[in-house]
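A.B. asks: Encoded as structure tokens, here's the structure I'll be asking about.
There are 2 protein chains.
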Amino acid sequence: MSVDVDGLVAEARAGRARAVARLISLVEDESPHLRAVAAALSPHVGRARVLGLTGPPGVGKSTSTSMLISAFRARDLRVGVLAIDPSSPFSGGALLGDRIRLHDHTTDPAVFIRSMATRGHLGGLATATPQALRVLDAAGFDVVLVETVGVGQSEVDIVSLADTTVVLLAPGMGDGIQAAKAGILEVADVFVVNKADRDGADQTVRDLRHMISLGRRETGPSWRQPIVRTVATTSQGADDLVSALDAHHDWLVAHGDLARRRATRARREVEAIAVRELRARLSGVGGGETLDRLATRVAAGELDPFTAADELIGEHRYQR
Amino acid sequence: MSVDVDGLVAEARAGRARAVARLISLVEDESPHLRAVAAALSPHVGRARVLGLTGPPGVGKSTSTSMLISAFRARDLRVGVLAIDPSSPFSGGALLGDRIRLHDHTTDPAVFIRSMATRGHLGGLATATPQALRVLDAAGFDVVLVETVGVGQSEVDIVSLADTTVVLLAPGMGDGIQAAKAGILEVADVFVVNKADRDGADQTVRDLRHMISLGRRETGPSWRQPIVRTVATTSQGADDLVSALDAHHDWLVAHGDLARRRATRARREVEAIAVRELRARLSGVGGGETLDRLATRVAAGELDPFTAADELIGEHRYQR
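From first to last, the protein sequence lines stand for chains A and B. Per our numbering, the first sequence starts with residue 1, numbered consecutively. Per our numbering, the second sequence starts with residue 1001, numbered consecutively.
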């Protein structure tokens, strides 16, 4: 099948949603055109602001995403959304309902929403998501929102590749905050206490503030993670949140951290692609047979797995 | 620091819990002795029956593990338990309380329980867990139970490395079952409906049975996944569960599938170690500088990430 990759990129940049969708499918499916697409996108990337949004289930992530879309649209910004559905065997169901809220925006040509679902390994998402992000960036979206359900570390890894990472919490999740403090502190640039009209919102803000004060480092100029209260269902606090996001963006630029974060994102991306390529060689033609032979010996207790791995690498001349 | 690895393995095989714990720490911490430990264990592995236990949060996994420990002890079998805590930023807290139930068994020298926790990447667990499993196997435990909280695909991957995988459900989680059917069908050898004294247990069993009938393949001899009802808090159904586990074990042996599963487990283990080694080389001394240089160019849009990955691999002579 022949695909006019350059034509698709030009169409996507001209604002045609179908071309954007097609390009994401090409990078998502690991089609033979993946590399051609990546090469064609490359000169056009680096302009979009990338926002990550995560938090425990039930906190109102999709509603908050929807609220943010409206807020950015009010400023006449084009918004792309990647909604990551890990399709865990045990968490797959509840998400579909939430996603419906996002459909409010589907008739707006300046909004593009894509649900990135995977059956099985998050590894697939970990490589497909950055490529999809590059598509939206190259297509000229001003803001790209990456939203994950945030049930596990892998999802947090994905979302923490953003320029600015927003962690959502809600009242009555105090125990979760206690348990999670280390992990959340590491990835959050902005905290949102959603459902702020409910009982316990003040306590959640206090808990968060305490947690932040404990985690603060004394060295170097450090960003003070703000806590924004929102009621996403009524868009209450939307402007405060956008202001906090802008403030963080300005801070990143002023401290040279935006370039640093983006270089880190590129570093992980390149590393992940290289590792996957090497993995494919190890278990591919030739490598697969060697691996089977070694695995049988390991299972029989004739060989330990580390020696087997050395042999596998050596046999395929992956030495330095 | 000098470690007498052979001495530790001999002590572990003589039933000393401290030596078992020390060996697991050595493989968990990626100590310089990791390879020596793996080599020393190798001749002694392959005897233990490995059971995996997973299911959604709140289903009673720790109570069920405790019930199974008692049932195996009543048959005079030695039992090792690896309780996997992914320490996700958002799911870390609730587990600790559950674990307390397992402490009923801590005074029994024929029972060894180890909580495998990781801050951050499940990748660490994915490599440490098989090694810890080898320690318990080599130490002569008749049964090794690997229990995970089962919130994500990665945890399911870990537990599905078992000879027999048990998936627990509970009444009133019908929506979860619907959503999860594909994922659960793939990994489960035995289903348990725990809390079977509660309303809705019959419905959960019916839903499961329907799901199993839809997923059944027509080709080849296939194992009929049994559904066992239990009330783990009172050990009701424990004997039925052990019988189902025995039946599956016998079936695996009769069909040559036990050896096949264990070879698959060894294959994944060797592959994971090899990939990690290659990853370390890519981002290690020399490789790290190349990667940084390439990443900066990718971030600047001068290079696409796939070409960068090719250069990274090429520069370090990982070619075939």
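Glycine residues also receive a C-beta, built at the ideal position from the N, C-alpha and C atoms.
1) Examine chain B for any beta-carbon lying closer than 8 angstroms to the beta-carbon of T307/A, and answer yes or no.
2) Comparing the C-beta of T165/A with each C-beta of chain B, is any distance below 8 angstroms?
3) Check whether the Cβ atoms of A162/A and V27/A sit closer than 8 angstroms, and answer yes or no.
4) So E30/A contacts chain B; which residues on that side make the cut at Cβ distance below 9 angstroms?
5) Between I212/A and chain B, is there a C-beta pair that is closer than 8 angstroms?
6) Output the distance between the C-alpha atoms of T1129/B and G314/A, rounded to the nearest integer angstrom.
7) Helix, strand or coil: how does DSSP classify Q236/A here?
8) Go ahead and pull the three-state DSSP assignment for T107/A.
9) Should A170/A be flagged as near chain B, meaning a C-beta pair shorter than 8 angstroms?
10) Check each candidate in P1171/B, A1083/B and Q1225/B and name the one with the smallest Cα separation from V1190/B.
11) Can you tell me whether T1230/B is helix, strand or coil according to DSSP?
12) For the alpha helix (DSSP H) containing G1301/B, name the first residue and the last one.
13) Could you check where the beta strand (DSSP E) with L51/A kicks off and where it finishes?
14) Suppose the cutoff is 8 angstroms on Cβ atoms and the five residues either side in sequence are ignored; what does the same chain contact list for L1034/B look like?
15) Taking the C-alpha atoms as reference points, what is the distance between V20/A and F112/A?
16) So, does the CB of L245/A fall closer than 8 angstroms to a CB anywhere in chain B?
17) Where does A1238/B land, buried or exposed, given buried means 16+ other C-beta within 10 angstroms?
18) Should P1109/B go down as buried or exposed, given a rule of 16 or more other Cβ atoms within 10 Å for buried?
19) Compare the C-beta of G256/A with all C-beta atoms of chain B and state if any pair is closer than 8 angstroms.
20) Would you kindly check if the distance between the Cβ of R1013/B and the Cβ of A1201/B is under 8 angstroms?
21) Please return the same chain residues whose Cβ sits closer than 7 angstroms to the Cβ of Q236/A, not counting the five positions on each side in sequence.
22) Tell me the DSSP bridge mates of M116/A?
23) Mind listing, in chain order, the continuous alpha helix (DSSP H) runs of no fewer than 4 residues lying wholly within the region 253-283 of chain A?
24) Determine the burial state of S64/A: buried for a count of at least 16 other Cβ atoms within 10 Å of its Cβ, exposed for fewer.
25) Measuring only between beta-carbons, confirm whether L208/A sits less than 8 angstroms from chain B.
26) If we call anything under 8 angstroms between Cβ atoms a contact, is G55/A one with V167/A?
27) In terms of residue numbering, what span does the beta strand (DSSP E) encompassing E11/A cover?
28) Checking contacts by CB at 8 angstroms: is A10/A closer than that to chain B?
29) Tell me F1191/B's beta-bridge partners as DSSP assigns them.
30) Identify the contact partners of G1046/B in chain A, using a Cβ-Cβ distance below 9 angstroms as the criterion.
31) Classify E1147/B as buried or exposed, calling it buried when 16 or more other Cβ atoms lie within 10 Å of its own Cβ.
32) Are the Cβ atoms of L1294/B and L1278/B separated by less than 8 angstroms?
33) Going by beta-carbon coordinates alone, are P305/A and I1212/B separated by less than 8 angstroms?
C.D. replies: Here's the rundown:
1) Translated into the one-based positions of the first sequence, residue 307/A becomes position 307. Yes, its Cβ sits closer than 8 angstroms to a Cβ of chain B.
2) Stepping through the first sequence from its first residue, residue 165/A is reached at position 165. Chain B, which has no Cβ nearer than 8 angstroms to the Cβ of T165/A, makes this no.
3) Position 162 of the first sequence, counting from 1, holds the residue named residue 162/A. Position 27 of the first sequence, counting from 1, holds the residue named residue 27/A. In this structure, A162/A keeps its C-beta atom at 8 angstroms or more from the C-beta atom of V27/A.
4) Mapped onto the first sequence, residue 30/A falls at position 30. By Cβ distance, chain B contributes nothing, its closest Cβ being about 11 angstroms from E30/A, past 9 angstroms.
5) The residue labelled residue 212/A in the question sits at position 212 within the first sequence. No, because no Cβ of chain B sits closer than 8 angstroms to the Cβ of I212/A.
6) To locate residue 1129/B, count along the second sequence from 1; it is residue 129. To locate residue 314/A, count along the first sequence from 1; it is residue 314. T1129/B and G314/A: Cα-Cα distance of roughly 25 angstroms.
7) For this step, residue 236/A is matched to residue 236 along the first sequence. Strand, per DSSP.
8) Along the first sequence, read from residue 1 onward, the residue named residue 107/A stands at position 107. In the structure shown, the three-state DSSP call for T107/A is coil.
9) As a position in the first sequence, residue 170/A is number 170, starting the count at 1. Chain B contact via Cβ: absent.
10) For the purposes of this step, residue 1190/B is identified with residue 190 of the second sequence, where counting begins at 1. The residue among P1171/B, A1083/B and Q1225/B with its C-alpha nearest the C-alpha of V1190/B is Q1225/B.
11) Numbered from its first residue, the second sequence carries residue 1230/B at position 230. Residue state, collapsed to three classes: coil.
12) In the second sequence, the residue the question calls residue 1301/B occupies position 301. Counting along the chain, G1301/B falls outside any alpha helix (DSSP H), and DSSP gives it neither H nor E.
13) What you label residue 51/A is simply residue 51 of the first sequence in a count that begins at 1. Segment R49 to T54, the beta strand (DSSP E) holding L51/A.
14) Translated into positions along the second sequence, residue 1034/B becomes position 34. Cβ neighbours of L1034/B beyond the five flanking positions: L1026, V1027 and Q1131.
15) Position 20 of the first sequence, counted from the first residue, corresponds to residue 20/A. Position 112 of the first sequence, counted from the first residue, corresponds to residue 112/A. Straight-line Cα distance between these residues: approximately 8 angstroms.
16) Counting from 1 along the first sequence, the entry for residue 245/A is found at position 245. No, no contact with chain B.
17) Here residue 1238/B corresponds to residue number 238 of the second sequence, with the count starting at 1. It is buried - the Cβ of A1238/B has at least 16 other Cβ atoms within 10 Å.
18) In the second sequence, the residue the question calls residue 1109/B occupies position 109. Counting Cβ neighbours within 10 Å, P1109/B comes out exposed, since fewer than 16 surround it.
19) For the purposes of this step, residue 256/A is taken as residue 256 along the first sequence, with counting starting at 1. Cβ-Cβ to chain B under 8 angstroms: no for G256/A.
20) Translated into positions along the second sequence, residue 1201/B becomes position 201. Translated into positions along the second sequence, residue 1013/B becomes position 13. Pairing A1201/B with R1013/B gives a Cβ-Cβ distance that is not under 8 angstroms.
21) The residue labelled residue 236/A in the question sits at position 236 within the first sequence. Correct list, in chain order: T230.
22) Looking up residue 116/A in the first sequence gives position 116. I84/A, per the DSSP bridge assignment.
23) 257-283
24) One-based indexing of the first sequence puts residue 64/A at position 64. Under this definition S64/A is a buried residue.
25) On the first sequence, position 208 is the one that residue 208/A refers to. By this cut-off, L208/A is not an interface position.
26) Your numbering for residue 55/A matches position 55 in the first sequence. Your numbering for residue 167/A matches position 167 in the first sequence. Cβ atoms of G55/A and V167/A: closer than 8 angstroms.
27) One-based indexing of the first sequence puts residue 11/A at position 11. Per DSSP, E11/A belongs to no beta strand (DSSP E); it is in the alpha helix (DSSP H), V5 to R13.
28) Numbered from 1 along the first sequence, position 10 holds the residue referred to as residue 10/A. Answer no: the Cβ-Cβ gap between A10/A and chain B never drops below 8 angstroms.
29) For the purposes of this step, residue 1191/B is taken as the residue at position 191 of the second sequence. Per DSSP, V1167/B and I1227/B.
30) For the purposes of this step, residue 1046/B is taken as residue 46 along the second sequence, with counting starting at 1. Under the 9 angstroms cutoff, chain A gives A299, A300 and G301.
31) For this step, residue 1147/B is matched to residue 147 along the second sequence. So E1147/B ends up on the buried side.
32) As a working mapping, residue 1294/B is identified with position 294 in the second sequence. As a working mapping, residue 1278/B is identified with position 278 in the second sequence. Not in contact: L1294/B and L1278/B (Cβ atoms no closer than 8 angstroms).
33) As a position in the first sequence, residue 305/A is number 305, starting the count at 1. As a position in the second sequence, residue 1212/B is number 212, starting the count at 1. No; because the gap between Cβ atoms is not below 8 angstroms, this pair is not in contact.
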